[in-house]
Amino acid sequence: MASHRRPKQPSRARVSVLTAAAATAVALSAQVAAHAAPSPSPKKDDVKAQIDQLQEEAEQATEKYNGAKERADQLRKQADQLQDQVARGQEQMTQLQAGLSEVAGEQYRTGGIDPSVQLMLTSDPSGYLDKASSVQQASSSQAEALKGLQEQQRRLDQQKAEAAAVLASLDSTTKDLNQSKAEVNKKLKEAQDLLNSLSAADRAALKAAQQQSDRASRGSERTDLGSLPQASGKAGSAVSLAMSKQGSPYVWGSTGPSGFDCSGLMVWAYGKAGVSLPRTSQAQGNYGTRVPSLAEAQPGDLIVYRDDRSHVGMYIGNGMVVHAPRTGDVVKVMKADAMKINTIRRV
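Residue numbers (mature numbering (1 follows the signal peptide of the UniProt record, and there is no 0)): -36 to -1, 1 to 311.
Right, dumping it as structure tokens:
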């Protein structure tokens, strides 16, 4: 007779294991599908915004680099001067000590070294006068000789301390310089990597859009730069010099003559005109006298941009500036109010 027993039900533990295994399999399948599916291409507009931000950050780091380099150059000159002073001071010390040694030698040959001279040649010249005064062994000439030696030693110690402090500051500034340089390169690489992430068609479209933006910032392709108001003196010379560099590449950290960053173009043009400007756009934003508004600007004025003063151009008249925009670009003209103006300075 056939058996009609009910089939044995799986245990709760077994059901839990099977359920967990199934969930794991589903999760793994989802991960595999996610990795297998091609990632969506980055949007051109998003990439452009990110690249623009990175370029701005690179320019900020460039001005930090420029400031650190200027400071390092100043400290290096100062350290060289102090080390020269130390060397001369040491030579004078040697001559003074040699003179005292000659006195001692002469007294020895004529019957022995005078006790006062013995004190003068001790390793503690600073305590000599007190000792000599207490035993009344110092003649006025010997005391004056030791005073000179003591004063020279004091100056030498001070110069050595100053040189050591300057060298320590130079070491710290050099670290800042290298850090800023690494930061610039990092930002530029990130921008290039973002650009490379676009398709060839999107890169071409982005380039075309940038060219169109450049034309808009210049106001018109028909702008007659030959009709610019003529400035006289050093400002006029600086304008002519800066305009002569149109088409020269942006090179961060450079003051020309073949490539420039924004503040470097100002330094080069005014330097050739006989004016020594500070190296950074931030420092240039404090140079000269303030011009209240763009309506009162004159050719040769420096227009400093952004809240952090990380960009600068030179006003050339007709509402235009000449500037070195950013890496990958060239020295060119744009509308003076194409960016947020922070301050205008008359050199």
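Where is the CB? At the ideal position from N, CA and C, for every residue including glycine. A quick note: this is a predicted structure, and the numbers were derived from the prediction, not measured.
| Check | Outcome |
| --- | --- |
| Straight-line Cα distance separating Leu134 from Gly183 | Its pLDDT being 46, under 50, Gly183 is placed unreliably by the model, and the measurement read from it follows with that caveat. Cα to Cα, the separation comes out at about 46 angstroms. |
| One or two residues paired with Arg167 in a DSSP bridge | Looking at the DSSP assignment, Arg167 forms no beta bridge with any residue, so it has no partner. |
| Opposing strand residues paired with Thr307 [DSSP bridges] | Val268 |
| Chain C within 8 angstroms of Leu170, Cβ atoms only | Considering every chain present, this structure includes no chain C. It has just one protein chain. |
| Residues that Thr219 bridges to, as DSSP identifies them | Phe224 |
| Alpha carbon of Ser196 to alpha carbon of Gly238, nearest angstrom | 14 angstroms |
| Check whether Ser19 and Arg290 have beta carbons under 8 angstroms apart | The amino acid at residue 19 is misidentified as Ser; the sequence shows Gln. Cβ atoms of Gln19 and Arg290: closer than 8 angstroms. |
| Three-state secondary structure (DSSP) of Arg119 | helix |
| Pick from Thr138, Leu162, Val268 that is closest to Val11, judged by C-alpha positions | Leu162 |
| Reduced DSSP secondary structure (H/G/I, E/B, other) of Ala214 | Before going further, note that residue 214 is Tyr rather than Ala in the sequence given. Correct three-state label for Tyr214: strand. |
| Buried versus exposed, by CB contacts within 10 Å (16 or more), Asn160 | exposed |
| Residues near Thr137 in its chain [Cβ-Cβ closer than 7 angstroms; skip 5 each side] | Ala32, Arg35, Ala36, Leu39 |
| Identity of the residue in Thr307, Tyr279, Gly252 nearest Tyr269 by Cα | Thr307 |
| Spatial distance of Ile305 from Pro242 (CA atoms) | 19 angstroms |
| 7 angstroms Cβ shell around Asp272 - same chain, five flanking residues per side excluded | Gln24 |
| Which of helix, strand or coil DSSP assigns to Gly31 | helix |
| Beta carbon of Trp232 nearer than 8 angstroms to that of Thr219 | yes |
| Buried or exposed by the 16-neighbour rule on C-beta atoms within 10 Å, applied to Arg254 | exposed |
| CA nearest to the CA of Gly217, picked from Lys296, Asp121, Gln117, Ser144 | Ser144 |
| Within 8 angstroms, strictly: CB atoms of Gln61 and Leu113 | yes |
| Counted within 10 angstroms of its Cβ, other Cβ atoms place Val99 as buried (16 or more) or exposed | At Val99, the pLDDT of 40 sits below 50, so the modelled position is not reliable; the number obtained from the coordinates is stated separately. Val99 is exposed by the Cβ-count criterion. |
| Cα-Cα separation between Asp265 and Gly281, rounded to whole angstroms | 9 angstroms |
| Beta-carbon proximity of Leu229 to Val295, cut-off 8 angstroms | yes |
| Cβ neighbour criterion (16 or more within 10 Å) applied to Pro2 | Only weak support exists for where Pro2 lies, its pLDDT of 48 falling under 50; the coordinates are left without a value. |
| Three-state secondary structure (DSSP) of Arg254 | strand |
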